[in-house]
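These notes concern the structure reproduced below.
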Amino acid sequence: MLSTRLYEDFPTLKLKINGKRLVYLDSAASSLKPKRVVEKLKDFYYTSYSNVHRAVHTLASQATVELEESREKFANFLGVSPEEIVFTSGTTMSINLVVVSLLRSGFLKEDDLVLVSLLEHHANFVPWLRLSKFHGYKVDYIKPSGRFGTLELDDLLKFRKARPKVVAITGLSNVTGQRLPVEELRNVFPDSIIVLDGAQLVPHERVKPEEIGVDFLVFSLHKMLGPTGVGVLYGRREFLEQMEPFLYGGEMIDRVTLENVTFNELPYKFEAGTPNIAGIVASKEALIYLEEMGFEEIRRRTRKLTELAVDGLKQIDGVEIYGPLDERQQGIVSFNVKGIHPHDVAHILDQEFGVAVRSGHHCAQPLIELLKKQSTLVEFPNSTCRASFYIYNTEDDVETFVEGVKKIKEWFTR
Amino acid sequence: MMYSEAILDYANSKRFRGRLEDATAVEEGKNISCGDEIILYLKVEDGVVKDTRFEGIGCVISQASASLMIERIIGEKLKNVISIIEEAEKMAKGGSFDEKKLGNITIMSDVKNYPARVKCFLLSWRTLDQVIRKLSQS
Ligand SMILES: Cc1ncc(COP(=O)(O)O)c(C=O)c1O
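Heads up: the protein sequence lines correspond to chains A and B, in order.
Numbered continuously in the working numbering, the first sequence closes out at residue 422.
Numbered continuously in the working numbering, the second sequence closes out at residue 145.
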């Protein structure tokens, strides 16, 4: 059962959707927000808000202190130093920053190889692919050989000798929910620049980039109880120091003359313009909330719900579930019901059962193409239904959801 | 209700499905966000839609919409088709529209209450609009 504390902390859970209790199973797209975060936003705007870093007045100092506290909090969380934490607007912005800056500073050159997995969200796919057209580096794809889009260690090992300059890979698939063997990346690619997309992984797990040896780790706060418009980019100091900025403008500058500019110190060199100050400040509260619950507990909880959902869906004839269906699956279950389009499943789940799930291609068309090839459905709809779980979900939620799918199936196949 | 018996019947109907071998115009349409695709075959002679078929897979809303659309436009003059498309768009977006022009299509007027589904409804209409534009240019 959902503890009363969680119920109190997430007012959204009290909503009725078409007269039914809201069952929110779309956290992989964006999570609900606890009071603690929303109130911090409000309080900050009313009592401490001003622009940061530039002015000497009291409010500016308070805002700056709060923003830097947030940075320190995230640095501690990842076990890195605050200079290595760059605040961006989100994962998409972070990845674009990394690609462009690596190119501008010569870390990535014509004829180099970039390896990307077929599991990637478009945010970790399109920037690498598009910029290769202008800069002449090559892109190759790690293809998952396991069950319905499951990436196996062997799929990585195949590229051992390819010596890629960059490996860009997700930590947890936003479609299949597979948690990837990120600990193996450094062993397999000892000399590569490793960029880990943590958008789905970090909300479920405390990731230590230095321990696993990745050079860049990116994630978005809105998927882990925080506000929208805040992203964290961890970059290893050696890279950040030598990298050319992505955006030029205010705050990232040291000295500007008519002939030249020099840049501010880390991490400000990568934070041009006025950031989402209140968002960054309130993000700290999101992290505190998660840490109080404990990432071990979060993992255990969402894993349990994932397992229940998979078990429940397996009982329904004609349901095809994607991904590994074992302990590697974390927080996300993607599926199709034979003969029923995912939009219809999602629409009726909402209208009749109050259950919010996502349907579509989840910004991962290459993976959807692969699922289509392996699907046993006569007509694969080019999309899937996705239920995703987070800390505020319960076994009741899963039951309502599975029951809903079962009824929809019966209703359509009468 | 978007899933009434009538709408389900139209969605499942095979009447207007398949290729049209003697089509004079063919157009592909896509809904980028869900991956739905439709191929629309039109046989137009002397400015009149003689026959139409569609292929593709999609949700109930998109399939019912395509069937209703085809049922309505077969036998119509192109210039009437253009105004039917306009009325269907207005209906889907919650504007006021001419019920007489749409006929049976009004059984889907509820779609206006589901903004995320409007594009499902409009897939076949947008595709039809493309064909008609091309035809009127040539
Ligand atoms: C794995 C993955 N990468 C990147 C993103 C993009 O994140 P954002 O939209 O916050 O930039 C997402 C969000 O859906 C994701 O799931």
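Beta carbons: idealized from backbone N, C-alpha and C, even for Gly.
Predicted, not measured: the structure shown is a model, and the values here were computed from it.
| Query | Result |
| --- | --- |
| Residue 285 of chain A versus A/386, A/94, A/218, residue with shortest Cα-Cα distance | A/94 |
| Contact test: residue 41 of chain B Cβ vs ligand 3 heavy atom, cutoff 8 angstroms | By its list of ligands, the structure shown excludes ligand 3, since it contains just ligand 1. |
| Option nearest residue 315 of chain A by Cα separation, candidates A/161, A/62, A/407, A/50 | A/407 |
| Collapsed DSSP secondary structure at residue 95 of chain B in the structure displayed | helix |
| Spatial neighbours of residue 220 of chain A in its chain, beta-carbon cut-off 6 angstroms, leaving aside the 5 residues before and after | 190, 191 |
| Contacts around residue 96 of chain A, its chain only, beta-carbon distance under 6 angstroms, and the 5 residues preceding and following it disregarded | 102, 239, 241 |
| Any non-hydrogen atom of ligand 1 within 8 angstroms of residue 180 of chain A CB | yes |
| Alpha-carbon spacing of residue 72 of chain A relative to residue 131 of chain B, whole angstroms | 53 angstroms |
| 9 angstroms Cβ cutoff, residue 387 of chain A in contact with chain B | yes |
| Residue 184 of chain A: CB within 8 angstroms of a non-hydrogen atom of ligand 1 | no |
| N-terminal and C-terminal residue of the alpha helix (DSSP H) that residue 319 of chain A is part of | 303-322 |
| Residue 230 of chain A: CB within 8 angstroms of a non-hydrogen atom of ligand 1 | yes |
| Where residue 58 of chain B falls: helix, strand or coil (DSSP) | strand |
| Span of the beta strand (DSSP E) around residue 32 of chain B | 32-38 |
| Distance, residue 121 of chain A Cα to residue 148 of chain A Cα | 7 angstroms |
| Distance, residue 10 of chain B Cα to residue 416 of chain A Cα | 11 angstroms |
| Assigned exposure category for residue 431 of chain A - 16 Cβ within 10 Å defines buried | With chain A represented from 9 up to 422, any question about residue 431 of chain A goes unanswered, as that position is not in the structure. |
| When A/341, A/382, A/117 are compared against residue 370 of chain A, the one with the closest alpha-carbon | A/341 |
| Members of the stretch 62-78 of chain B near chain A, C-beta cut-off 9 angstroms | 64, 65, 66, 67, 68, 69, 70 |
| Closer than 8 angstroms: residue 364 of chain A CB and nearest ligand 1 heavy atom | no |
| Under 7 angstroms by beta carbon: chain B residues contacting residue 368 of chain A | 40, 41 |
| Under 8 angstroms from the C-beta of residue 124 of chain B: neighbouring residues of chain A | 351, 355 |
| Straight-line Cα distance separating residue 332 of chain A from residue 9 of chain A | Reliability of the predicted coordinates at residue 9 of chain A is poor, the pLDDT of 46 falling under 50, and no value is obtained from them. |
| Beta-carbon proximity list for residue 25 of chain B, same chain, < 7 angstroms, skipping 5 on both sides | 60, 62 |
| Unbroken alpha helix (DSSP H) run spanning residue 390 of chain A, endpoints | Per DSSP, residue 390 of chain A belongs to no alpha helix (DSSP H) and is neither H nor E. |
| Residue-chain proximity (residue 9 of chain A, chain B), Cβ-Cβ < 9 angstroms | Note that residue 9 of chain A scores 46 on pLDDT, short of 50, meaning its location in the model is unreliable; the coordinates nonetheless yield the value given after this. No, residue 9 of chain A lies away from the interface with chain B (no Cβ there is under 9 angstroms from its Cβ). |
| For residue 402 of chain A, the three-state DSSP class (helix, strand or coil) | coil |
| Three or more C-beta pairs below 8 angstroms linking the stretch 120-140 of chain A and the stretch 313-330 of chain A | no |
| Minimum Cβ-Cβ distance from residue 121 of chain B to chain A less than 9 angstroms | yes |
| Pick from B/56, B/125, B/41 that is closest to residue 48 of chain B, judged by C-alpha positions | B/56 |
| Where the alpha helix (DSSP H) containing residue 209 of chain A begins and where it ends | Here residue 209 of chain A belongs to no alpha helix (DSSP H), and DSSP marks it neither H nor E. |
| Cβ contact check for the stretch 252-266 of chain A and the stretch 24-43 of chain A: 3 or more pairs under 8 angstroms | no |
| Alpha helix (DSSP H) segment containing residue 141 of chain B, residue limits | 122-144 |
| Check: residue 205 of chain A C-beta below 8 angstroms from any heavy atom of ligand 1 | yes |
| Contained alpha helix (DSSP H) runs [length at least 4] in the stretch 94-142 of chain A, N- to C-terminal order | 99-112 |
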